[in-house]
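Residue numbers (UniProt numbering): 1 to 151. Where a beta carbon is used, it is the ideal one built from N, C-alpha and C, also for glycine.
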Amino acid sequence: MLGEGDKAYKLFSLINPINHSRTPIEANKYKVEPYVVAADVYTNPQHLGRGGWTWYTGSSGWMYTVGLEDILGFRVIKDRLYIDPCIPKDWEGFRIEFRYNNTKYDIEIINPKGINNGVKCLMVDGVSIDNKYIQLIDDGLEHNVIVEMGS
């Protein structure tokens, strides 16, 4: 995403199917399911804005990946959780509840300076972590994670 959270979210919203069906008029024009990513959105004047090929595309998996991993910056690799958001500047933050086997991680990302990307501080259960990742453990407990964006 090159650190351009505003642009990334704008482009993500552009292809998000729900944004093509917010009103009955838009839904009638789009003519496909608002919860499925369309492979095509027609530009032919006779069918302008109509979606097509909704269940024959792998784009929904890519959209999920872009939203979760690239914009929210949430990436699990083996037993490590990396959090490196690239979000719009006007987002004050967001929360994710994540389960790792029998363990729950309540994750809060805060963006006090209104920036697009960068992690200033990562804390797990009140303890600052020097790594750029959280070592996931399956201890059956609930862990609180705070990620403060900054530089």
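Short Cβ contact (8 Å threshold) for residue i with residue j
i, j, result
"ILE96", "PHE12", "no"
"residue 156", "ILE115", "No answer is possible for residue 156: the residues shown for the chain start at 1 and end at 151."
"PRO17", "ALA38", "yes"
"ILE83", "PHE74", "yes"
"HIS113", "ASP6", "Residue identity check: residue 113 is Lys in the sequence provided, not His. For LYS113 and ASP6, no; Cβs fall outside 8 Å."
CA-to-CA distance, residue j to residue i, given in whole angstroms
i, j, result
"LYS132", "TYR35", "34 Å"
"ILE134", "LYS10", "29 Å"
"VAL32", "GLY67", "21 Å"
"residue 203", "GLY140", "Missing from the structure shown is residue 203; the chain here goes from 1 to 151 and no further."
"ASP79", "TYR100", "9 Å"
"GLU148", "SER60", "30 Å"
"THR65", "ASN102", "24 Å"
Residues near residue i by beta carbon distance below 6 Å, same chain, minus five either side
i, result
"ILE146", "GLU108 and MET123"
"TYR105", "PHE98, HIS143 and VAL145"
Same chain, Cβ closer than 8 Å to residue i, five either side skipped, listed in chain order
i, result
"LEU48", "LYS29 and TYR42"
Own chain partners of residue i with C-beta closer than 7 Å, once the 5 adjacent residues on each side are dropped
i, result
"THR23", "none"
"residue 152", "Because the chain here runs from 1 to 151, residue 152 falls outside it and cannot be looked at."
"SER151", "GLY118 and LYS120"
"LEU136", "ASP79, ARG80, LEU81 and TYR100"
message: Going residue by residue through the segment 85-121, where are the continuous beta strand (DSSP E) segments of at least 3 residues, counting only ones entirely within it?
response: 93-100 and 103-110
Alpha helix (DSSP H) runs contained entirely in the segment 121-149, provided each spans 4 or more residues: none
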